[in-house]
Structures are given as C-alpha cells and as structure tokens.
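Take a look at the structure below.
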Amino acid sequence: MIILFFISLITFVNSLSLKQVLMAIDCGGQESFNSKEGFLYQDDQYFSGDSRVSDYTYNDVVYAGIAYTFTPRVYFTERHGNSFDYNLPINKNGQYTIILQFVELYFENEGERQFDIYIGTKRVIQNLSIIDNKHQKGSAKEVFIYIDIKEDKVFHQGQECNKGFINGKLKIGFRKGAADLPKVDGIVIVKGHNAGEEERNHLIDNWEQLLEENKKKEAELERAELEAQNMIVPDSVEPEEGEGLISFLLSPIGFGIIGFGMAVFGILMFAGENQDQKNKKIKKSK
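Residue numbers (mature numbering (1 follows the signal peptide of the UniProt record, and there is no 0)): -15 to -1, 1 to 271.
Take a look at the structure:
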C-alpha cells in the first residue's frame, strides 16, 4: 500500500523521475539532498569565473512558498555574478537535455533581469528574463536546452558549439545581458531529448489543482506509514460476529493476558502435582 502511494506521488509530481537523470546540481547549495522526483541533487560544484552565492532560505517569498515545484529546496540558494561557467563531466556521446532552473526573488517585473546562456562560445539563449507571462516573482522556471554530443563535439540545433565540450566536460556559461546579473538555482542533465517539458507546461497550467492533489497524496502517504508503524488506529469498522474477540486476542494486550493465564495455570498444575505426591507418601508411611 505504501509503495503504491509512493509511486503514485512520484509519477504525479513529474515524469522526470522516469528519465535517466545523469547529474543534478543545487547551485549555491552546500549539502546534497534527494528531490521529490527521487534523484540526487549534489552540492554546488564544477563552477568557475566571477560569481558568488546567495542564500534565500529565510526570504519572505520563500517562506510563502515557491510556485510550480514540489522540490522548493533547490530554489533556496543561487549562484550569480558577472560571468561564470559550469563545467560538467559527461562520459559518453549521445543526446542530452540541459534543464536550467531559476526563480526570481528580487525583481518584480519582466525584463528587470536579462542575461545570456552559452554552450561553449555559442550563445543559445539571449536576454532571458525569469519573469514572463507565466512566471512571476517566486515562481520556479525551467529552461530546456537540447544538445547532441558526437566525437567530443557538442551541437545545439544542428550547429556546433565551439569549445562546448572539452576533456569530457560540458561547458555552460552565464553572461550579462540587457539588464542586471545572470543567476542560476539548479542544473539537471538528462540523457535523451524527452525530459518532461510537456509535463512541465501541464504542471504550470494546472498548478493550483495539482498542488491540492499533491497535498492529499502526501497526507495519505503519511497516514499509511503511521498505520504501518502501529502509531495510529485505522478508522473503526463495524466488526463481524466473533471478529472483535479474535482481533483482541491477537493484539499485544490479548497475548499478554493469554501468556499470564497460561503461566498461572502452569503454576497451579505444578502445585497440584506436588500435593498429590505428598499425599501418596503420607499414605505409604501409614
């Protein structure tokens, strides 16, 4: 029962758990943790360049809740700066999806922060604004970038990204655009090009309904776990004739009473046998 609830919850959250997640980085984070989808976010590493970390754990927006995600922790920290890179180790040729994760916790309006994304020396996204017509301040945003790695070269939309794959490492760059500084909260590398972008759009379009359903599923999962640990009594059901007595006898209290009764019975039997033996000896002596 618990396993079924767990599988249902994970599948509900995002089909990304069904894909082959090769790597996930919690940018700015100092400790690794498991996402709600079931894969591991590593602590922040593989970065270089002019950047620094901000921690928004106690920010009012974070406290109110990050929208469009069931793993809000990845959005509590960020790496930002004038120009910085992530050089991520990838061992094999093939198709990959880069999922860049963002949330705007400072600016209020679209376009107040705009920056560029690079693969090697190739700019793949220009003047990205985290806030747009679907994402407001405090809304998690995921950007999907599809690449192919062939013979130690990386391609985006059929064009080679020069210096994008060197010594087995994929280079993702964040550069200043039209306004303010670039930032990133999380990076996920998925094998293949089917990384759940359609499911992501569905989640955004149906967020309130899915959020309520997820809360119910989590409550059901928690209750099932507590019942399994005998920490709460399941909802009472009218027992059939004789069923209540059997359930009571099989309970810890019932076993205790039965054990105590058997012990008393054994003592009485032992005392009776001793008395019989004494009586026999008295008769013989006479």
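Using N, Cα and C, we set each Cβ at its ideal position, and we do this for glycine too. Bear in mind the structure is a predicted one, so any value in this text is a computation, not a measurement.
Measure the C-alpha to C-alpha separation of D28 and M247 and round it to an integer number of angstroms.
Spanning the alpha carbons of D28 and M247 requires a straight line of approximately 59 Å.
Would you report the Cα separation of G158 and I83, rounded to the nearest angstrom?
Straight-line Cα distance between these residues: approximately 12 Å.
Please check the pair H178 and Q86, which I expect to be a contact at CB under 8 Å, by giving their CB distance rounded to whole angstroms.
Not confirmed; about 18 Å, so no contact.
Taking all protein chains shown into account, decide if residue 277 is buried (16 or more other Cβ within 10 angstroms of its Cβ) or exposed.
Given that the chain is displayed from residue -15 to residue 271, the structure contains no residue 277 and the question cannot be resolved.
Closest to H65 by C-alpha separation, out of K156, E145, K161, would be which residue?
H65 has its Cα closest to that of K161, out of K156, E145, K161.
So, at 7 Å on beta carbons, what are the nonlocal neighbours of S114 in its own chain, with the 5 sequence-adjacent residues on each side left out?
Only E95, G96, R98, Q99 meet the Cβ criterion.
Taking just the CA atoms, how far does E22 sit from T(-5)?
Any answer about T(-5) is weak, because its pLDDT of 44 lies below 50 and its placement is not dependable; what the coordinates show is given next. If you take the alpha carbons of T(-5) and E22, they lie about 8 Å apart.
Quick check on T42: buried or exposed, where buried means 16 or more other Cβ atoms within 10 Å of its Cβ?
Exposed, since its Cβ has fewer than 16 Cβ neighbours within 10 Å.
Report the rounded CA-to-CA distance for E145 versus V139, giving the unit in angstroms.
Approximately 6 Å between the Cα atoms of the pair.
Closest residue to I172 among I51, A52, K126 (Cα-Cα distance):
Here the closest residue by C-alpha is K126.
Leaving out the 5 sequence neighbours to the left and right, which residues in its chain are closer than 6 Å to residue 299 when beta-carbon positions are compared?
This structure leaves residue 299 out entirely; the chain is present only between -15 and 271.
Could you tell me the boundaries of the beta strand (DSSP E) in which A164 lies?
Counting along the chain, the beta strand (DSSP E) containing A164 begins and ends at 154 to 164.
Going by other Cβ atoms of all chains shown within 10 Å of its Cβ, with 16 needed for buried, is G14 buried or exposed?
Burial call: buried.
Can S17 and Y26 be called in contact, C-beta distance under 8 Å?
The Cβ atoms of S17 and Y26 sit closer than 8 Å to each other.
Kindly identify the DSSP beta-bridge partner or partners of R108.
Y103, per the DSSP bridge assignment.
Which residues does DSSP pair with P74 in a beta bridge?
In DSSP, P74 forms a bridge with K154.
Segment limits, alpha helix (DSSP H) that includes E127:
Unbroken run through E127 is the beta strand (DSSP E), 126 to 135; no alpha helix (DSSP H).
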